[in-house]
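Asks: Residue numbers (the numbering used here): 1 to 335.
The structure that follows is given in the form of structure tokens.
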């Protein structure tokens, strides 16, 4: 059965996805490429008229094949200094039911809203802990309703794809009458975040990743009325439990892509628990109440992504709220 929906997209998850932040009760994911709150800055604006009822001879001749993705089959030279990713408005049908030999058309009724950063080569001069990674993606982390930018770092090995951590530049954000000062830091996940094992193929199985956590550190000011002196250290610890499964396989056509490609549709589910610490101790309830936060807040996020061999990361990804798509982001063309 196909789910029909009308999509109004917004910039999110880095993204699934999405994911964490200081003083954030529910880890917000906004994907522009994520798992976990992935988002990049807008670098240009392009709009196209929706291409409704476009006839493609390639659809008739295309024969979908079941993929078995491994490290040796993934093309990594598609990575650039700034591989473009696109945020779309889309109206049409997307089949998310399990099975095989599907055909997903993301081109027929698509309208590009903006262009963002996708997976990119790692700047080895800018990172100490992650310079040996395969690629990185930009992401946004919500802090008291404000956003800070970060980069998440991915590693492609012989038997799995995983994220080792993130880097955050120094920045300051304000919300709820207080100021959060985030210093420059590199955050290592403990242990690394598993994205998928290889070979990745349609097998009907649910794969469980090891639980992992990450901690973002900052200082707070302007909260003396809550008994918190300026410069007090705070940290946000996020624990995550992730699972994934390949829902289906088939042919996928992206925007401005005449020829369909083979792809796998992957569903990722994440349970997150966020803990707020002040001076190394759990924040007092009166502080949480004043800031409208919840200690050990738990959230559940489901994201969907398309993968194949032409790109080391997702070639398209979207989220659902019931039957409504909350975002849809894709690579523009796959050769």
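Beta carbons are placed, not taken as given, at the ideal position from N, Cα and C, and that holds for glycine.
Every value quoted in this text rests on a predicted model; they were computed, and no experiment measured them.
Quick one: residues in its chain with C-beta nearer than 6 Å to the C-beta of residue 189, no 5 flanking neighbours on either side, listed in chain order?
Replies: 165, 212, 214
Asks: Please name the residue, chosen from 87, 104, 178, that lies closest to residue 94 on a Cα-to-Cα basis.
Replies: 104
Asks: If I follow the unbroken beta strand (DSSP E) through residue 277, where does it start and stop?
Replies: 261–278
Asks: Quick check: the Cα distance between residue 244 and residue 153, rounded to an integer number of angstroms?
Replies: 19 Å
Asks: Am I right that residue 138 and residue 151 are in contact with their C-beta atoms under 8 Å? What's the rounded C-beta distance?
Replies: Rounded, the Cβ-Cβ distance is 6 Å, consistent with contact.
Asks: Taking residue 325 as the reference, which of 88, 64, 72 has the closest Cα?
Replies: From the listed residues 88, 64, 72, the smallest Cα separation to residue 325 is found for 88.
Asks: Where does residue 285 sit, in a helix, a strand or coil, going by DSSP?
Replies: helix
Asks: So what's residue 176 in DSSP terms, helix, strand or just coil?
Replies: coil
Asks: Shortest alpha-carbon distance to residue 277 belongs to which of 238, 249, 263?
Replies: 238
Asks: What number of angstroms, rounded off, separates the C-alpha of residue 294 from the C-alpha of residue 259?
Replies: 49 Å
Asks: Using the Cα positions of residue 210 and residue 193, report the straight-line distance between them to the nearest angstrom.
Replies: As the crow flies, the alpha-carbon of residue 210 is around 8 Å from that of residue 193.
Asks: Take every Cβ of the region 173–188, pair it with every Cβ of the region 219–232, and state whether three or more of those distances are shorter than 8 Å.
Replies: yes
Asks: Could you round the C-beta distance between residue 249 and residue 311 to whole angstroms and report it? I think they count as a contact, below 8 Å.
Replies: Actually they are not in contact, since the Cβ atoms of residue 249 and residue 311 sit about 17 Å apart, beyond 8 Å.
Asks: What three-state label does DSSP hand residue 328 in the structure shown?
Replies: strand
Asks: Residue 127 by DSSP, collapsed to three states: which one?
Replies: coil
Asks: Just to confirm, is the Cβ distance from residue 297 to residue 280 under 9 Å?
Replies: Not closer than 9 Å, so no.
Asks: In the structure shown, what three-state DSSP assignment does residue 87 receive?
Replies: Three-state DSSP puts residue 87 in a strand.
Asks: Just tell me which of 240, 196, 186, 228 has its CA closest to the CA of residue 216.
Replies: 186
Asks: Going by the DSSP bridge assignment, what does residue 233 pair with across the sheet?
Replies: Beta bridge pairing from DSSP links residue 233 with 219.
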